[in-house]
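Just below is one structure, and these are the notes that go with it.
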Amino acid sequence: MADAGSLTHAGDALHLSQSAVSRQIRALEEGLGTTLFHRHARGLILTEQGELLFEATSAMAKKLESASARIRDSEEEVFGELRVTTTTGFGTLWLAPRLTKLYDRYPDLKIDLMLEERVLDLPMREADVAIRMKEPAQADLIRKRLLNIRMRLYATPAYLEKAGVPQEIEDLRKHRLICQTPRFPQVQAGAQLARQVLAFDQSSTLTVNNYFGVLQAVLNNIGIGILPDYLTADFPDIQRVLPDLESVEVPVFLAYPEELRSSRRVTAFRDFIQEEILAYRRHQAGDST
Numbered sequence: 001m002a003d004a005g006s007l008t009h010a011g012d013a014l015h016l017s018q019s020a021v022s023r024q025i026r027a028l029e030e031g032l033g034t035t036l037f038h039r040h041a042r043g044l045i046l047t048e049q050g051e052l053l054f055e056a057t058s059a060m061a062k063k064l065e066s067a068s069a070r071i072r073d074s075e076e077e078v079f080g081e082l083r084v085t086t087t088t089g090f091g092t093l094w095l096a097p098r099l100t101k102l103y104d105r106y107p108d109l110k111i112d113l114m115l116e117e118r119v120l121d122l123p124m125r126e127a128d129v130a131i132r133m134k135e136p137a138q139a140d141l142i143r144k145r146l147l148n149i150r151m152r153l154y155a156t157p158a159y160l161e162k163a164g165v166p167q168e169i170e171d172l173r174k175h176r177l178i179c180q181t182p183r184f185p186q187v188q189a190g191a192q193l194a195r196q197v198l199a200f201d202q203s204s205t206l207t208v209n210n211y212f213g214v215l216q217a218v219l220n221n222i223g224i225g226i227l228p229d230y231l232t233a234d235f236p237d238i239q240r241v242l243p244d245l246e247s248v249e250v251p252v253f254l255a256y257p258e259e260l261r262s263s264r265r266v267t268a269f270r271d272f273i274q275e276e277i278l279a280y281r282r283h284q285a286g287d288s289t
C-alpha cells in the first residue's frame, strides 16, 4: 500500500478490490490503535507511525527474500548476490582482474566485493566469503589454505637503468623506497620488511596506504617498492631487486561459514578461486625452472 500510493493501485497489485484493501487497512489501524495513512484527494501518505511500520516490514521482506534466494540457490543455478571480502591489495591487483572468467561462467551472479584491511565477521554475516592473509580465528568456519606469499622488492628496468641496481642491502640508502604507510593496517610481514629497509634512512621515500598505490608508483619509475610476489604473474615487466631480501611467508586462506557449505554461489566461487590459484602456481613453477 505504501509503495502503491493509492487504494486502486494497491488493489491491482494485490488482486483485491479497493474496498477489500480499505477494510484491511482499517483493521490494521484498529489493531495497532493508531492511524497509518493520511487520506487526501490525490491518494494516501504514510503517517509517522506508518513510516515506522513500513520500515520494519520492508526489512523483514528483504530478509525473507534473501532467505528464499539462499534456499533456491542450494538447488538451482548459480545466481544472486555473493558478498566477498579481502584486502585492498589482493582484491584490486589479483582477484578483480580475474572475475571476468567467473562472470562469463555465471552471468547472473552479483558480487559485492568489499576491500578493506579490517577482518569482517563471517559468522555474523558481514560477508559470505573471505580471502585473508592469515588463518581465521573464528569458530564455525570452513577454511582452506590457498597459497603462501612473500613481500619482496621490485622496480622497473627503466628506474634501475637510471638509478643503478643495488647489490647489497646497504645500497638502498641511495634509492627512493616505496612501501605501505607504517601506521596503516597491513600484513605484518610486509610491515617488518618495510621497517628493515627504511632503517637505512633514505633521503627520499614514498609511503602509500595500500599495495595498489605502491605498484602504480613502481610502474611509473618512482623507485623501488615492497610488493607481494603474487603480482609477478600479471606484471612481468617489474624486476626483482636484492633477491635474497624478502619477508617471511604469509599464508592466504579462503573461508566461509559452515551454514553456507551447500550454497551454489559459494561453491562456484570457491572452485573458481582454486582453479585460478592452481594456474598461478603453475605459472610460478614455470618461471622458477
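Each residue of the sequence shown is one higher than the one before, starting from 1 at the first, in the UniProt record's numbering.
Cβ coordinates follow ideal geometry from the N, Cα and C atoms, glycine included.
A straight-line Cα-Cα distance of about 37 Å links Ser247 and Tyr106. Under the DSSP assignment, Leu99 falls in the alpha helix (DSSP H) whose first and last residues are 99–105. A direct Cα-Cα distance of roughly 14 Å separates Ile45 from Glu55. If you draw a straight line from the Cα of Leu146 to the Cα of Ile224, it comes to about 28 Å.
Ranked by Cα distance from Lys101, the first of Leu193, Ala268, Arg281, Ala285 is Ala268.
Between the C-alpha atoms of Lys110 and Tyr103 there is a straight-line separation of about 9 Å. In this structure, Ala127 and Arg83 form a Cβ contact; the two beta carbons are roughly 5 Å apart against a cut-off of 8 Å.
Each of Thr232, Gly50, Lys174 was checked against the Cα of Met151, and the nearest Cα belongs to Thr232. In the three-state DSSP reduction, Gly164 falls in the coil class, being neither helix nor strand. DSSP, read as helix, strand or coil, puts Pro228 in strand. Only residues of its own chain outside the window of five on either side were considered, and among them Ala130, Pro136, Leu141, Arg143 have a CB closer than 6 Å to the CB of Ala255, listed in chain order.
Judged by pairs of C-beta atoms under 8 Å, the region 270–281 does not touch the region 165–183, as fewer than three such pairs exist. Here Leu177 is not near Val208, since their CB atoms are 8 Å or more apart. Within 10 angstroms of the beta-carbon of Gly89 lie 16 or more other beta-carbons, which makes it buried.
Here Thr47 is not near Thr57, since their CB atoms are 8 Å or more apart. Annotation: His283 to Met60 spans about 48 Å, alpha carbon to alpha carbon. Beta-bridge pairing by DSSP links Ala130 to Thr85, Ala255.
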